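Each protein sequence line maps, in turn, to chains D and W. Numbering follows numbering that gives the first Met the number 0, with no gaps: position 184 of the first sequence is 183. Numbering follows numbering that gives the first Met the number 0, with no gaps: position 32 of the second sequence is 31. Just so it is clear, CB atoms sit at the ideal spot from N, CA and C, and this is done for glycine as well. Since the model is a prediction, treat every value here as computed from it, not as a measurement. Inspection log for the structure reproduced underneath, given as structure tokens.
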Amino acid sequence: MSTAIPRTVVTGLGIAAPNGLGTADYWAATRAGKSGIARITRFDPSSYPARLAGEVPGFHAADHLPNRLLAQTDRMTRLALVAADWALADAGAVPADLPAYDMGVVTASSSGGFEFGQGELRNLWSRGSQYVSAYQSFAWFYAVNSGQISIRNGMKGPSGVVVSDQAGGLDALAHARRQIRKGTRLIMSGSIDASICPWGWVAQLAGGRLTTEQEPERAYLPFDAAASGHVPAEGGALLVLESERSAAERGARVYGEIAGYGATFDPAPGSGRPPGLRKAIEIALADAGVDAGDVDVVFADAAAVPELDRAEADALNAVFGPHGVPVTAPKTMTGRLYSGAAPLDVATALLAARDGLVPATTNVDPDTSYDLDLVTDPRPADLHTALVLARGECGFNSALVVRTP
Amino acid sequence: MPTQSFTLDDLRRVLLEAAGADENVDLDGDILDTDFEELSYESLAILETCGRIEREYGISLDDSVVTEAKTPRALLSLVNTQLAGLPTAA
Chain D
0 MSTAIPRTVV TGLGIAAPNG LGTADYWAAT RAGKSGIARI TRFDPSSYPA
50 RLAGEVPGFH AADHLPNRLL AQTDRMTRLA LVAADWALAD AGAVPADLPA
100 YDMGVVTASS SGGFEFGQGE LRNLWSRGSQ YVSAYQSFAW FYAVNSGQIS
150 IRNGMKGPSG VVVSDQAGGL DALAHARRQI RKGTRLIMSG SIDASICPWG
200 WVAQLAGGRL TTEQEPERAY LPFDAAASGH VPAEGGALLV LESERSAAER
250 GARVYGEIAG YGATFDPAPG SGRPPGLRKA IEIALADAGV DAGDVDVVFA
300 DAAAVPELDR AEADALNAVF GPHGVPVTAP KTMTGRLYSG AAPLDVATAL
350 LAARDGLVPA TTNVDPDTSY DLDLVTDPRP ADLHTALVLA RGECGFNSAL
400 VVRTP
Chain W
0 MPTQSFTLDD LRRVLLEAAG ADENVDLDGD ILDTDFEELS YESLAILETC
50 GRIEREYGIS LDDSVVTEAK TPRALLSLVN TQLAGLPTAA
């Protein structure tokens, strides 16, 4: 009997991104360097200092979901339910054919259902408590996407939600892998976030990291001397994760393996101790059993806040050496998706490996003092090992290694 | 002014506004004695439906209605009892 830890593989992708709805549209746009960042259309942003966002185009929930679900779901949940459907279809997995307790759902969330909550709080203040929807009792919860995906697909195994801002997207995939190692066959994991509504907007503005630049091509410029903060966005990716054995039994196509993971927390400000990103990378590489030299590409967190860009570059240079590894940030085409960003980066890394192409970091004129090999034009490459980084506000650092055949 | 009453069609309309309808359920069919659960309305959907009825008709339904009224007929009866108890407008 083998005691080897079962490998966790990705067999399905479901993508909703500002530069493309669905994997095909997203990947075509991303390969071509097409951006989804533009002036906000979901509300009138004229009275706010930040007016650009990455909005998912062309999504009409009623085309995809029964109206029974529309009354009780925020936009992020609608996007997540549809992305989950797409991921299952892509994996060729039919939940009804699998034992209910062998399937679970682990998503990340950074803000919950803000737009739904905004509507109900407006009802509360302007009309009274009797006008607040009964569905407010869960529709704005962090865990609601996991719950709704679980209910819709009859997935009754281990489920949950991780809340650690942008790092959560990787933390969720890692937790899904944990559950698969413990014996669950299939976990739907990743994240879709969406909070582009006035209430969500003022919450993001309060964080102080949004750019107030009004020109889409000049707005989100990580590792550029002109970096001025980020553009918020909505969307993300849901991935079907399975034990290698389950995938083989189904004869499923495998995109790649979740091979390594590391997470750290930054020391308190003023402690004098270094930030934790480097350590997270080292833990993830060790967990995957690879050396720095084995990594073919890094998908950066790419905060576009100079101090944070510096910290990320320092961590990368400490592990890989200056210009030691190609680094890219396709999220320059989408804006930052919060907990949806890293699952989208993982999906992008898998597609990049499949097609042998590193997608570009767009619009950025790299500040050479960062000493990074920043990929600013699509670059053909033989890719087998990719490192994805994500940091969450208040000190979360996560790193994940994906490996493809 | 005639006594206001709450009909099955009224209930259908409020259910749709509150919670939509399952694609496998014919809400226009003979549903008077079909359990809400069978119509795919869970307790929260009924709670939301009752809230809307209360707002629209100016009545107050006890919280126990949600658990006691298992069918449209039972809910109609409870609502109409409440409506009949309201002082009629001059």
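Are D/Gly339 and D/Gly234 close, meaning C-beta to C-beta below 8 Å?
What you label residue 339 of chain D is simply residue 340 of the first sequence in a count that begins at 1. What you label residue 234 of chain D is simply residue 235 of the first sequence in a count that begins at 1. Yes, the pair counts as a contact, with Cβ atoms nearer than the cut-off.
Quick check on the DSSP output: what are the complete alpha helix (DSSP H) runs of length 4 or more inside the stretch 122-206 of chain D, in order along the chain?
Complete alpha helix (DSSP H) runs here, min 4: 135-138, 143-152, 167-180, 197-205.
Could you tell me the boundaries of the beta strand (DSSP E) in which W/Asn23 lies?
The residue labelled residue 23 of chain W in the question sits at position 24 within the second sequence. From DSSP, W/Asn23 is part of no beta strand (DSSP E); its letter is neither H nor E.
Alpha carbon to alpha carbon, how far is W/Arg11 from W/Cys49? Give it in angstroms, no decimals.
Start at 1 with the first residue of the second sequence, and residue 49 of chain W comes out as number 50. Start at 1 with the first residue of the second sequence, and residue 11 of chain W comes out as number 12. Looking at the two C-alpha atoms, the distance is approximately 12 Å.
Counting contacts by CB-CB distance shorter than 8 Å, is W/Ser39 in contact with chain D?
The residue given as residue 39 of chain W occupies position 40 in the second sequence. Interface with chain D (8 Å Cβ-Cβ cutoff): W/Ser39 is included.
Is W/Leu10 close to chain D, meaning its C-beta is less than 8 Å from at least one C-beta of that chain?
Start at 1 with the first residue of the second sequence, and residue 10 of chain W comes out as number 11. Judged by the 8 Å Cβ criterion, W/Leu10 is not in contact with chain D.
So that I know if they touch, is there some Cβ in chain W lying closer than 8 Å to that of D/Asn66?
Here the question's residue 66 of chain D lines up with position 67 in the first sequence. So yes, D/Asn66 belongs to the interface.
What residues of chain D sit near W/Gly19, judged by a beta carbon separation below 8 Å?
What you label residue 19 of chain W is simply residue 20 of the second sequence in a count that begins at 1. In chain order: Pro65, Asn66, Arg67, Leu68, Leu69, Ala70.
So D/Ser132 contacts chain W; which residues on that side make the cut at Cβ distance below 7 Å?
Stepping through the first sequence from its first residue, residue 132 of chain D is reached at position 133. Result: Glu47.
Leaving out the 5 sequence neighbours to the left and right, which residues in its chain are closer than 7 Å to D/Pro358 when beta-carbon positions are compared?
Sequence index remark: in the first sequence, residue 358 of chain D carries index 359 (1-based). The residues are Thr29, Arg30, Thr327, Pro329, Thr347, Ala351, Pro377.
Counting only beta-carbon separations shorter than 8 Å, does D/Ser136 have a partner in chain W?
The residue labelled residue 136 of chain D in the question sits at position 137 within the first sequence. Taking Cβ atoms only, chain W reaches closer than 8 Å to D/Ser136, which makes this a yes.
Can you say whether D/His174 is buried or exposed, counting buried as having 16 or more other CB atoms within 10 angstroms of its CB?
On the first sequence, residue 174 of chain D is found 175 positions in, with the first residue counted as 1. Buried, because 16 or more other Cβ atoms sit within 10 Å of the Cβ of D/His174.
List the residues of chain D that W/Glu53 touches, going by C-beta distances under 7 Å, in chain order.
Working through the second sequence from its first residue, we reach residue 53 of chain W at position 54. The answer, in chain order, is Gln129.
Under 8 Å between the Cβ atoms of D/Gly206 and D/Glu392?
Looking up residue 206 of chain D in the first sequence gives position 207. Looking up residue 392 of chain D in the first sequence gives position 393. The Cβ atoms of D/Gly206 and D/Glu392 lie closer than 8 Å to each other.
For D/Ala90, which residues of its own chain have a beta-carbon under 7 Å away from its beta-carbon, when the five flanking residues on both sides are left out?
Your numbering for residue 90 of chain D matches position 91 in the first sequence. Around D/Ala90: Thr10, Gly11, Val239, Ala251.
Please report the residue range of the beta strand (DSSP E) in which D/Ile257 lies.
Working through the first sequence from its first residue, we reach residue 257 of chain D at position 258. It spans 255-264 - the beta strand (DSSP E) in which D/Ile257 sits, taken as one unbroken run.
Based on Cα-Cα distance, which residue from D/Thr7, D/Gln129, D/Tyr337 lies nearest to W/Glu47?
Counted from its first residue, the second sequence places residue 47 of chain W at position 48. For the residues D/Thr7, D/Gln129, D/Tyr337, the minimum Cα distance to W/Glu47 belongs to D/Gln129.
Just to check my reading of the structure: D/Leu425 and D/Phe58 have Cβ atoms closer than 8 Å, yes? What is that Cβ distance to the nearest angstrom?
Since the first and last residues shown for chain D are 0 and 404, residue 425 of chain D lies out of range.
Which residue marks the beginning of the alpha helix (DSSP H) containing D/Arg77, and which one marks its end?
Stepping through the first sequence from its first residue, residue 77 of chain D is reached at position 78. Run containing D/Arg77: 74-90, per the alpha helix (DSSP H) assignment.
Could you check where the alpha helix (DSSP H) with D/Arg309 kicks off and where it finishes?
Working through the first sequence from its first residue, we reach residue 309 of chain D at position 310. D/Arg309 -> alpha helix (DSSP H) spans 305-319.
Nearest-angstrom Cα distance between D/Ala341 and W/Leu14?
Locating residue 341 of chain D in the first sequence gives position 342, counting from the first residue. Locating residue 14 of chain W in the second sequence gives position 15, counting from the first residue. Rounded to whole angstroms, D/Ala341 to W/Leu14 spans 39 Å at the Cα level.
Quick check: the Cα distance between D/Gln315 and D/Pro273, rounded to an integer number of angstroms?
As a first step, residue 315 of chain D must be located in the first sequence, where it is residue number 316. As a first step, residue 273 of chain D must be located in the first sequence, where it is residue number 274. Inspection of the sequence shows that residue 315 of chain D is occupied by Leu rather than by Gln. About 14 Å.
Relative to the alpha-carbon of D/Arg244, which residue among D/Leu307, D/Ala224, D/Arg180, D/Ala299 has its alpha-carbon at the smallest distance?
For the purposes of this step, residue 244 of chain D is taken as the residue at position 245 of the first sequence. Nearest C-alpha to D/Arg244: D/Arg180.
If you draw a straight line from the C-alpha of D/His229 to the C-alpha of W/Ala17, how long is it?
What you label residue 229 of chain D is simply residue 230 of the first sequence in a count that begins at 1. What you label residue 17 of chain W is simply residue 18 of the second sequence in a count that begins at 1. So the two alpha carbons sit approximately 38 Å from each other.
Give the residues of chain D in contact with W/Gly28, contact being defined as C-beta atoms less than 7 Å apart.
The residue you call residue 28 of chain W lines up with position 29 of the second sequence. Near W/Gly28 there are no residues of chain D at all, since even the closest Cβ is about 17 Å away, more than 7 Å.
By alpha-carbon positions, which one of D/Asp372, D/Val8, D/Arg309 ends up nearest to D/Arg177?
The sequence position of residue 177 of chain D within the first sequence is 178, counting from 1. Comparing Cα-Cα distances from D/Arg177 to each of D/Asp372, D/Val8, D/Arg309, the minimum goes to D/Val8.
Find the nearest neighbour of D/Leu371 within the set D/Pro321, D/Thr360, D/Val387, D/Leu399, judged by alpha-carbon distance.
Reading the first sequence from its first residue, position 372 is the one you call residue 371 of chain D. Measuring from the Cα of D/Leu371, the nearest candidate turns out to be D/Pro321.
Check the C-beta distance from D/Thr331 over to D/Thr367 and give it rounded, since I have them as a contact under 8 Å.
Counted from its first residue, the first sequence places residue 331 of chain D at position 332. Counted from its first residue, the first sequence places residue 367 of chain D at position 368. That belief does not hold up - the Cβ atoms of D/Thr331 and D/Thr367 are roughly 18 Å apart, past 8 Å.
Nearest-angstrom Cα distance between D/Arg38 and D/Glu248?
Numbered from its first residue, the first sequence carries residue 38 of chain D at position 39. Numbered from its first residue, the first sequence carries residue 248 of chain D at position 249. Looking at the two C-alpha atoms, the distance is approximately 47 Å.
In the DSSP assignment, find the beta strand (DSSP E) that holds D/Leu51 and state where it starts and stops.
Against the first sequence, residue 51 of chain D aligns to sequence position 52. Residues 51-53.
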